[in-house]
């Protein structure tokens, strides 16, 4: 029955002849491992089509949804990270496979006449594969892909004459945005694969027309593609897939860094490893600066163009023994230089502290944004908003940028980097806590670097008086009796309780009686706090408001305008009115306040 | 190619196997052939021109995009104290509304600048994007120089290229305008990376 149907079909479409032609290609000298590279590449491309199509079903190319859809695929879709990992690692492996294929073709002389055109088809396929890698790198719209692609498209602008227009066409305008993604995606999933298929058809068709270039001497009797060589190829393809799966498992898929942020460059942005050689070449640019056209043109256009041109022309003189030898020599040298450049690039990064910091910071942000997205869901404006409104990641950066020129946080700049100079204003780690207040009211410490030592409050200019609070701490507190010291400690508990710090919640509840006592002693004892400070509706003077001291509102208020009468008033030294002068938005100030108070997790 | 064994011959009722293309008619002349070829090309060309034209017009649309330098309020003079011997450059984000195709973003950082007070009423502004390839440069106070972490470009405090840097020009200055109450406004734009001349990307 099956046989009858086969006969019936064959009389109409002649498929048996095609099949026969496909399978019974002559393999002189028997099946060999050195012939597997073309088949493994075909296999890899089929893998990319399968996984790519499946990824397409879950991908949404726009600046607000690309990262988000990949994140969803990775975390909420069973098997999602595995699928994306196979696509990613197969792409990584295709580059060495291409190199082996090229080397085998050249070493075996399979590029000699009449096979030149097919060699060029192969180079075209190499170029298309690299273009597919470049366009695919951007699609997750994460920091790594975004900033690496920015560099790549800026390089494009260096092509003489048409470069700038080409760049605009590729990125869909004068800056990265929605259209960059729609265009890269159309290239990656539409135009480039279509060209790839067309070239593969031509490549295989020409290969079959010319026949296999057998490696001499022939070691075994002649055979056919099916089944001997197919069996060898199948083993090779399985080995490729095994490597892909091991890498996928080991690396848990492909990396997804935090969502692309146009206003925050990712200094750890690097291209894929096989472009690192070119990346390193750019660092040597100044060595070429004396050449006509300048180093940039040489490193991005002339040298890569010359290498490509040499590869292209190679078959033309390969007929002679000398020409072929020259090609082999040049190819080996080229590969060595490329490997050396790549190694230097990785060596540099491994020894660059700033690079390592940036990578670590990138990982922290990526983990954080994924955690927030999992906990709160992604808002309609995109996952980046989760990060830009997150005190935990933003406040340390704001502190480093705006506060750390005077204040320190745990002796550092908020982000963990060391501070250059001696700080002129208070240490803010533990802000609002009992410990912070105890240090502040300690005659030994108030004039030190960690409190007010660097300010005019302690060291006023000749024509001004010392701040009365400093007078009190330095002159009065040392004379206190043990009872008065106990009273002061209770006042400290009471004032610190105003901050309602999350980390102090249990201690505040435990000491409720002492705190209540401290509140009374604030005004009615010999400590005289209420002479200057307003506290819970009583007392007051030129001192700052202590109702709600250290709370989120109080802290935000002093950052908004420290010269307000509730804070330093006219006694403010150099602290800027960050809110009033629009240095920081209300939202940013609130994030700082939350972070300083340890409210975020 | 020899057919596999056991291939049955087509029965008379079955349609015949594919036939060879017919030979060209005997009466064809070179002139007639040329006319036919030209007519085919013209008709076919017209038929395909419309979709190709539409596609090209849409695809080439980005070439028409033009940006204009945006005046953006950055800070006030009070944030830029005059110190000796020179005030260190300070980093500021450039926050403004931005449009990306169909999305209008509320005020958000679109780039960054370094501002340096050089006189009572003088402020110099540098675009923080490295003129080499567009990464963000940092100011390293210890070396009193700008430094780009991507390809090690270095710039003096005055913005000029410093030492062995891959960048072919110094940091890009931006026009600064001091408005009432000491507000510092900068006309923000980006420039083509990688070349010796400062060419606007707008």
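Protein chains in written order, with this note's numbering: chain A, 1 to 601; chain B, 602 to 803. All residues carry an ideal CB built from backbone N, CA and C; glycine is no exception. Just so you know, these numbers come straight off a predicted model, no measurement behind them.
Which residues of chain B have a Cβ atom closer than 9 angstroms to the Cβ of residue 355 of chain A, listed in chain order?
Reading the first chain from its first residue, position 355 is the one you call residue 355 of chain A. What residue 355 of chain A touches in chain B: 750.
Bridge partner(s) assigned by DSSP for residue 48 of chain A
Residue mapping note: residue 48 of chain A aligns to position 48 of the first chain, counting from 1. DSSP output for residue 48 of chain A lists no bridge partner at all.
So, using beta-carbon positions, are residue 750 of chain B and residue 267 of chain A closer together than 8 angstroms?
Your numbering for residue 750 of chain B matches position 149 in the second chain. Your numbering for residue 267 of chain A matches position 267 in the first chain. For the 8 angstroms CB-CB criterion, residue 750 of chain B and residue 267 of chain A form a contact.
Is DSSP giving residue 118 of chain A helix, strand or coil here?
To locate residue 118 of chain A, count along the first chain from 1; it is residue 118. If DSSP states are grouped into helix, strand and coil, residue 118 of chain A belongs with the helices.
Excluding five sequence neighbours on each side, which residues of the same chain lie with their C-beta closer than 7 angstroms to the C-beta of residue 129 of chain A?
By one-based count along the first chain, residue 129 of chain A stands at place 129. If we look at residue 129 of chain A and ignore the five residues flanking it on each side, its Cβ neighbours are 94 and 98.
Does residue 60 of chain A come within less than 8 angstroms of chain B when only Cβ atoms are used?
Locating residue 60 of chain A in the first chain gives position 60, where the first residue counts as 1. No, residue 60 of chain A does not count as interfacial toward chain B.
Using the three-state DSSP reduction, which class does residue 472 of chain A fall into: helix, strand or coil?
In the first chain, counting from the first residue as 1, residue 472 of chain A sits at position 472. Helix at residue 472 of chain A.
Pick from A:505, A:22, A:518 and A:158: whose alpha carbon is nearest that of residue 211 of chain A?
Here residue 211 of chain A refers to the residue found at position 211 when the first chain is read from its first residue. Relative to residue 211 of chain A, the option among A:505, A:22, A:518 and A:158 whose CA is nearest is A:22.
Residue environment, residue 85 of chain A, which counts as buried when at least 16 other CB atoms sit within 10 Å
As a working note, residue 85 of chain A is residue 85 in the first chain. Looking at its Cβ environment, which holds 16 or more other Cβ atoms inside 10 Å, residue 85 of chain A is buried.
Give a yes or no on whether 8 angstroms exceeds the smallest Cβ distance from residue 605 of chain B to chain A.
On the second chain, position 4 is the one that residue 605 of chain B refers to. Because residue 605 of chain B carries a pLDDT of 48, less than 50, the predicted location of this residue cannot be relied on, and no value is offered for it.
May I ask you to report which of helix, strand or coil DSSP gives residue 778 of chain B?
As a position in the second chain, residue 778 of chain B is number 177, starting the count at 1. DSSP places residue 778 of chain B in strand when its eight states are reduced to three.
Within 8 angstroms (strictly less), CB to CB, does residue 581 of chain A reach chain B?
If you number the first chain from 1, residue 581 of chain A lands on position 581. It does: the Cβ of residue 581 of chain A has a partner Cβ on chain B nearer than 8 angstroms.
Hey, would you say residue 290 of chain A sits closer than 8 angstroms to residue 299 of chain A, going by beta carbons?
Taking the first residue of the first chain as 1, we reach residue 290 of chain A at position 290. Taking the first residue of the first chain as 1, we reach residue 299 of chain A at position 299. Going by C-beta atoms, residue 290 of chain A is not nearer than 8 angstroms to residue 299 of chain A.
Apart from the five residues on each side of it in sequence, which residues of its chain come closer than 8 angstroms, Cβ to Cβ, to residue 515 of chain A?
Within the first chain, residue 515 of chain A is the residue found at index 515, counting from 1. Result list for residue 515 of chain A: 490, 493, 494, 497 and 508, in chain order.
Could you pull out every residue in the same chain whose Cβ sits closer than 8 angstroms to the Cβ of residue 158 of chain A, ignoring the five residues on either side in sequence?
Translated into positions along the first chain, residue 158 of chain A becomes position 158. The residues are 296, 297, 300 and 301.
Go ahead and pull the three-state DSSP assignment for residue 716 of chain B.
Residue mapping note: residue 716 of chain B aligns to position 115 of the second chain, counting from 1. Looking at residue 716 of chain B - three-state DSSP - the assignment turns out to be strand.
Could you list the residues in the stretch 215–228 of chain A with a C-beta less than 7 angstroms from some C-beta on chain B, going in chain order?
none
Can you list, in chain order, the stretches of the beta strand (DSSP E) that have 3 or more residues and sit fully within the stretch 727–762 of chain B?
739–741, 746–748 and 755–757
Thinking C-alpha only, which one of A:583, A:429 and A:447 is nearest residue 597 of chain A?
As a position in the first chain, residue 597 of chain A is number 597, starting the count at 1. When each option's Cα is compared against that of residue 597 of chain A, the closest is A:429.
Rounded to whole angstroms, how far is the Cβ of residue 258 of chain A from the Cβ of residue 416 of chain A, which I believe are closer than 8 angstroms?
For this step, residue 258 of chain A is matched to residue 258 along the first chain. For this step, residue 416 of chain A is matched to residue 416 along the first chain. Actually they are not in contact, since the Cβ atoms of residue 258 of chain A and residue 416 of chain A sit about 18 angstroms apart, beyond 8 angstroms.
If you follow the beta strand (DSSP E) that residue 665 of chain B is part of, which residue opens it and which one closes it?
Counting from one through the second chain, the residue named residue 665 of chain B turns up at place 64. Per DSSP, residue 665 of chain B belongs to no beta strand (DSSP E) and is neither H nor E.
Other residues of its chain near residue 470 of chain A: CB distance less than 8 angstroms, five sequence neighbours each side excluded:
Here residue 470 of chain A corresponds to residue number 470 of the first chain, with the count starting at 1. Answer for residue 470 of chain A: 446, 447, 452, 457 and 458, listed in chain order.
Residues sharing a beta bridge with residue 801 of chain B, DSSP
Counting from 1 along the second chain, the entry for residue 801 of chain B is found at position 200. For residue 801 of chain B, which the question treats as bridged, DSSP gives the partners B:792.
Examine chain A for any beta-carbon lying closer than 8 angstroms to the beta-carbon of residue 793 of chain B, and answer yes or no.
For the purposes of this step, residue 793 of chain B is taken as the residue at position 192 of the second chain. At least one chain A Cβ lies under 8 angstroms of residue 793 of chain B.
For a test of your reading of the model: does the CB of residue 489 of chain A fall under 7 angstroms from any non-hydrogen atom of the ligand MG? Yes or no.
In the structure on display, the ligand MG does not appear, and there are no ligands present to speak of.
Ordered along the chain, which non-local residues of its own chain (more than five positions away) have a Cβ less than 7 angstroms from that of residue 34 of chain A?
Against the first chain, residue 34 of chain A aligns to sequence position 34. Non-local beta-carbon contacts of residue 34 of chain A in its own chain, meaning distances under 7 angstroms to residues more than five positions away in sequence, involve 104 and 215 in chain order.
Buried or exposed, going by whether 16 or more other CB atoms sit within 10 Å of the CB of residue 700 of chain B?
Here residue 700 of chain B refers to the residue found at position 99 when the second chain is read from its first residue. Only exposed fits residue 700 of chain B, as fewer than 16 other CB atoms lie within 10 angstroms of its CB.
Of all the options A:79, A:244, A:505 and A:440, which has the alpha carbon lying nearest to the alpha carbon of residue 474 of chain A?
Here residue 474 of chain A corresponds to residue number 474 of the first chain, with the count starting at 1. Residue A:440 is the option with its Cα nearest to residue 474 of chain A.
According to the neighbour-count rule (16 or more other Cβ atoms, all chains shown, within 10 Å of its Cβ), is residue 317 of chain A buried or exposed?
Here residue 317 of chain A is taken as the residue at index 317 of the first chain, counted from 1. Burial call: exposed.
Residue range of the beta strand (DSSP E) that residue 672 of chain B falls in?
Translated into the one-based positions of the second chain, residue 672 of chain B becomes position 71. Its beta strand (DSSP E) spans residues 671–677.
Would you list the one or two residues that DSSP bridges to residue 265 of chain A?
Position 265 of the first chain, counting from 1, holds the residue named residue 265 of chain A. According to DSSP, residue 265 of chain A bridges with nothing at all.
For residue 688 of chain B, I'd like the list of residues in its chain whose CB is within less than 7 angstroms of its CB, leaving aside the five on either flank, ordered along the chain.
For the purposes of this step, residue 688 of chain B is taken as the residue at position 87 of the second chain. Scanning its chain for C-beta atoms nearer than 7 angstroms, with the 5 sequence neighbours on each side dropped, one finds around residue 688 of chain B the residues 681, 682, 717 and 718, in chain order.
Who are the near neighbours of residue 202 of chain A in its chain, counting only those whose CB is closer than 6 angstroms to its CB and skipping five residues on each side?
Locating residue 202 of chain A in the first chain gives position 202, counting from the first residue. Cβ neighbours of residue 202 of chain A beyond the five flanking positions: 121.
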